[in-house]
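Chemist: Each residue of the sequence shown is one higher than the one before, counting from 1 in the UniProt record's numbering.
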Amino acid sequence: MDEMVAILDEDNEVTGAAPRSVMRRDNLRHSATGVVVLNSAGQIYVHRRTPTKDVYPSRYDFAAGGVVAAGEDPFHAVVRELEEELGIAGVELTRLPEDDYADENTRYHAYLYTCVWDGPVRHQPEEVAWGAWMSPAELVAKFDEWSFMPDTLAVLGPYVRSLV
């Protein structure tokens, strides 16, 4: 089933909804979420996306998150995505500054957060192929070595660099 996605104008106002496939095909502006997960030792959870993802398959990422569904509150979307992708629930989310991202594959307004989690991480098999904890310095060193999500690098890379 093709989920319905909230579509935004340039002022971040919802103007309607479209199936996810149409949003991707036409690169329609939408909302998305991102959460950098740290543990109490200050390490960041890094994962690799599955090869079946509809945008940037098999790339590395250091944020859990995804598209805001039609009619969904962005905060509820970030809570949902964190639990779906990494099995993390019941954590306090700290809001980071919102941002915008656009390239030839995606265009969105980002609702960004961070949290601290010391429990187990449970991958959603359809979305996450691998994951591990890394120090901020180790992660930043991989920015030039591994193929990361360009949008995560753009909107959350400065935050991670500030932790080094």
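Heads up, the beta-carbon is just placed ideally off N, CA and C, and yes, glycines get one too.
Looking at C-alpha atoms only, which residue of Asp-2, Val-164, Asp-118 and Phe-62 is the closest neighbour of Thr-33?
Modeler: Among Asp-2, Val-164, Asp-118 and Phe-62, the Cα nearest to that of Thr-33 is on Phe-62.
Chemist: Closest to Leu-28 by CA distance: which of Val-35, Val-37, Ala-17 and Val-36 is it?
Modeler: Among Val-35, Val-37, Ala-17 and Val-36, the Cα nearest to that of Leu-28 belongs to Ala-17.
Chemist: Would DSSP call Phe-28 helix, strand or coil?
Modeler: Per the sequence presented here, residue 28 reads as Leu, with Phe not at that position. Coil.
Chemist: Could you give the residue range of the beta strand (DSSP E) that holds Leu-112?
Modeler: Run containing Leu-112: 107-116, per the beta strand (DSSP E) assignment.
Chemist: Under the DSSP definition of a beta bridge, which residues are partnered with Arg-48?
Modeler: According to DSSP, which records beta bridges pairwise, Arg-48 is partnered with Tyr-60 and Trp-130.
Chemist: If we ignore side chains and look at the alpha-carbon of each, how far apart do Asp-151 and Ala-64 end up?
Modeler: Taking the straight line from one Cα to the other gives about 12 Å.
Chemist: Any contact of the stretch 41-49 with the stretch 8-24, i.e. 3+ C-beta pairs under 8 Å?
Modeler: Not touching, per the Cβ criterion.
Chemist: For Asp-100, which residues from the same chain have a beta carbon less than 6 Å from its beta carbon, with the 5 sequence-adjacent residues on both sides left out?
Modeler: Hits under 6 Å: His-109.
Chemist: Is the beta carbon of Arg-122 sitting closer than 7 Å to the one on Gly-87?
Modeler: In this structure, Gly-87 lies closer than 7 Å to Arg-122 by Cβ.
Chemist: Please go through the same chain and pick out, in chain order, the residues whose beta-carbon is closer than 6 Å to the beta-carbon of Asp-9, but skip the five residues on each side of it.
Modeler: For Asp-9, where only same-chain residues beyond five positions count, the Cβ hits under 6 Å are Thr-15.
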